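Engineer: Under this note's numbering, the first residue of the first sequence is numbered 2, with each subsequent residue one higher. We put the beta carbon where it would ideally sit given N, CA and C, even for glycine. Owing to the predicted nature of the structure, the values given are computational and were not obtained by experimental measurement.
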Amino acid sequence: METIPSILEERLKAAVEDPGPTPLSITSASDSRFGDYQSNAAMLLAKLRKSNPRLVAQQILDRLQVADICSSVEIAGAGFLNFRLREDWLQERVSQMKADPRLGVPSPLRPLGMVIDFSSPNVAKPMHVGHIRSTILGDSLARIAAFIGHNVVRDNHIGDWGTQFGMLLLGWKTILDRSALEQDPLLEMERIYKNVSARCRDDIAVLEKARHELVLLQTGDPENLLLWKEMIRLSQSQFDTIYGRLGVRFDVTLGESFYNERLKPVVEELKASRIARESDGAICVFSDGSHSQEEDVFLIKDKDGWRDNPAIVLKSDGAANYMTTDLATLQYRIETWHPDEIVYVTDGRQQLHFRQMFSIFRRWKPEAAATVRLSHVWFGSILGDDGRPFKTRSGETVRLADLLDEAEERSFAQVSERNPALPEAERREIARIIGIGAVKYADLLPHRQGDYMFSWERMLSFQGNTAPYLQNAYVRIRSIFRKLAEAGEAGEAWTPGAPLRLENGAEIALGKRLLEFGEVLPQVLQDHRPNTLANYLYELANTFHAFYEACPVLKSEGDQRASRLELCDVSARMLKTGLGLLGIEVPEKM
RNA sequence: GCACCCGUAGCUCAACUGGAUAGAGCAUCUGACUACGAAUCAGAAGGUUUCAAGUUCGAAUCUUGACGGGUGCACCA
C-alpha cells in the first residue's frame, strides 16, 4: 500500500513546473487545525527561484488535482499548503489498510540484504547490563527490517578469542573449583579470570605462564583446545538461556576465532597495497591525506600540532587485534551474503574504531565499499539514578539474568496486587510478559544516542509512555472481544469484515492514526531508531483510549457496533504487531 | 589539547531532521467509576530550549564563540 504522503507527493510533482531534484516533502500536519497533511514545497521552490512563496503556492494550487482525495487545500502562513482529507476517502483507506496483512506498510522498491551485527557477548563472562542495549536494539531493527520485506542475517559476533584465554586457561588448570563450576559456570570462570588477571599485574612470572598457555592454544595444543571449547560450550548455554528469555534469536553465531585463517592475508593485502606499513614494530594504517585534517580519522591534534593517530592491524608481537578481525569479518560477510547494508550495533565509545575501520575498508576494497552501506548504530550508556553508570548497590556490574529476574519479580508483585484471584501460574506468565516488556521498552524509548536513567518505578508504571500502558490498551480491547464471545453463546457472535463508518471525531482521529503506521515504519529503519516506533505506538494507544472513552462499542447497535468492533480489532492487531516489532509480547489479561 | 555526543518545564524524556502557538509522563491542582478493565479519560498550571552573536521568510535543530557534562584518543575488545 502506498502511503498518503507519497500519493500526495506524486500529485504535487505533477502540479509543479520543473520540480527538479528537490524532494517535495509532505508531512502530517503539525496542528490538526491546519488540516491533515502539510507541505512546505512552495517555500523551498520559492527560495530556489527567488520568488514569492505564496505566489508559488498559488501556482501549484491552480494546477493541483486532488479533488478525489482532499476536501480542501489551502495556502497558509508563509506559504504552507494544507491538505484536508475527504472523509469518504479516509474511510476507504482505513478499510484497505485493515485488509492488508502488512497493515499499510509499503513494500520496498527492492528487498535489501542486511547483515545486523548485535549483542556480541564474551565467552567466559556473564552477560551484563552493558549487553542489553545492543541486544534489544539489534533485535528490534532486525524484526522491523524483516517485516518491511528485507532479507536479514542476524549475526552474533561473540568474543571467543584473544589474550584473556591465556589467563582463563592458566586459572582453569590451577585454581578451578569444580563444584562452583557446576553450580554457576559463568561465575566461576569470571572468578578465575579476575584472580589470574590481578596476579598478572603484580607478578611477571604469572603473566609469562598465561602467555604460554595462550601460545599453546593458538598453536593447536589438544588439551588447551579442548578446554577452550568447553568454555565456549558453557558460555553458549548461558547465552541461550538469556536469549530465550528475551525472545532473541540469531541466524549465525560466528565467534572471532572463526576468522583466524583470514587475519594474516588481510594484513598482507594491506601491506602489499601500501595501505598499511610498519611502525614501532606494529603494522599500522596512517592517513593518506585525502581528507582535511579535522575530518581525517587517522590524525589527531595535541599541543604540538597534528600528529598521527594510526589504526593498528598487527601488533608488534605479531598478533592480530580487533581491527584485523573486524576487517576480516567484513570481508567474509560481503563474500558470503553480498549485503546492501551491514549494521553494527555497539555503544558510542567505539565510534572512532568503526570510522577507522570503514575508512580502511574503502581504501582496501573500493568496489565493494561502493555497493554496501556500512552503518555504525551506536548508543549511549545506562545510568543509575545518581547519574553514574548503572551498578548494583554494592557497586558491582548488574548481571543481565539478575536484571530480568528482578523485572519479573517486581511485575509479579504488581499483578498479584491487582489481580489476586488469578491462578499463580497465570500471574507468573503475565508478570514475565510485562516485566521483560518494560525493560525492553524503557531501553528502546529514549533517543539511542545519549545516556538514559534506569528506573524501575518509571518503566513499570501503568501511567505514561511505558510498556504496561501499551499492553493495557491491548488488554482492554481483548476484554471487549471476550465479553462478546461470552455473549456469542447467546447468538451474538462477531463476524469480522463489516464495513467501516468513521462518524465522530474520535473514530476519525483513530482512523488517521492507524494509517500513520505505514509512514512511520520505513523511517524507523532508515534512521535505525526504534524510539520513533515506540512513540508512535504510545500515540496510537492514547488515541485508542480516547476513542474507547467516547464511543461505547458493545452498547452501540447495528452497523455502528460492527464498525466499532472492526476499529477495535485493527487497533489490537496494530498494537500487537508494533510491540512485536520492538520484541515485546502482549498478554490477554493483566 | 583534539574529536564525537549532550545541555529543552521542578524531575525523566520527545519534537517527523529548518516549519506555523516547543509536546508527553511523573510530581502539584480540578473533574469523571451502580461504568465495554479507573492499570483509564477530560482539564489547569508549569518554558527567554545553558548563554551570546550570525545565516533566512522561519532556528531547540545549521555556523561561530563562551560556559557546563559524558566519552574516546598506539599495540584491550
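1) Consult DSSP for P390 and reduce its assignment to one of helix, strand or coil.
2) Between G163 and Y194, how many whole angstroms is the CB-CB distance? I'm expecting something under 8 Å.
3) Would you report the Cα separation of I301 and T393, rounded to the nearest angstrom?
4) Starting from L576 and walking both ways along the alpha helix (DSSP H), at which residues does that stretch end?
5) As an exercise, report each continuous beta strand (DSSP E) stretch of at least 3 residues that is fully enclosed by the stretch 343-385, in chain order.
6) What does the alpha-carbon distance come out to for the pair L188 and S40?
7) If you measure between the beta carbons of V197 and M168, is that distance less than 8 Å?
8) Tell me whether the beta-carbon of I437 lies closer than 8 Å to the beta-carbon of R134.
9) Could you tell me the boundaries of the alpha helix (DSSP H) in which Y323 lies?
10) Using a Cβ-Cβ cut-off of 7 Å (strictly less than) and excluding sequence neighbours within five positions of A283, which residues of its own chain qualify?
11) Per DSSP, G114 forms a beta bridge with which residues?
12) I'd like to check one pair, L538 with G579: are the Cβ atoms closer than 8 Å?
13) Identify the continuous alpha helix (DSSP H) that holds K99 and give its terminal residues.
14) Using 8 Å as the threshold, is the C-beta distance between R400 and H129 below it?
15) Rounded to whole angstroms, what's the CA-CA distance from G388 to L110? Just pull it up for me.
16) What's the call for I435, buried or exposed, on a 16-neighbour Cβ count within 10 Å?
17) From D37 to K590, what does the alpha carbon distance come to, in whole angstroms?
18) What's the gap between the Cα of I8 and the Cα of G306?
19) So, are the CB atoms of T544 and R502 less than 8 Å apart?
20) With three or more beta-carbon pairs closer than 8 Å as the criterion, would you say the stretch 546-559 touches the stretch 442-460?
21) Would you tell me roughly how many angstroms separate the C-alpha atoms of Q237 and R250, rounded to the nearest one?
22) Go through the stretch 400-473 residue by residue and report every complete run of the alpha helix (DSSP H) that reaches 4 residues or more, in order.
23) Is the stretch 514-532 touching the stretch 454-467, taking contact as three or more C-beta pairs under 8 Å?
24) Take A547 and list the residues in its own chain whose beta-carbon comes closer than 6 Å to its own, dropping the five residues that flank it on each side.
25) According to DSSP, which residues form a beta bridge with F81?
26) Using 8 Å as the Cβ pair cut-off and three pairs as the minimum, do the stretch 57-69 and the stretch 9-16 touch?
27) Identify, in the order they occur along the chain, each residue of the same chain with its Cβ nearer than 7 Å to the Cβ of A30, setting aside the five sequence neighbours on each side.
28) Short check: CB of V373 to CB of A408, under 8 Å?
29) Less than 8 Å between the beta carbons of C71 and R87, yes or no?
Structural biologist: Straight from the coordinates:
1) strand
2) Not a contact, Cβ separation roughly 12 Å.
3) 37 Å
4) G559 to L582
5) 374-380
6) 58 Å
7) yes
8) no
9) Y323 to W338
10) I313, L315, K316 and S317
11) N152
12) yes
13) E88 to A100
14) yes
15) 44 Å
16) buried
17) 35 Å
18) 54 Å
19) no
20) no
21) 13 Å
22) 401-419, 425-445 and 457-460
23) no
24) A507
25) A77
26) yes
27) G36, D37, Y38, Q39 and N83
28) no
29) yes
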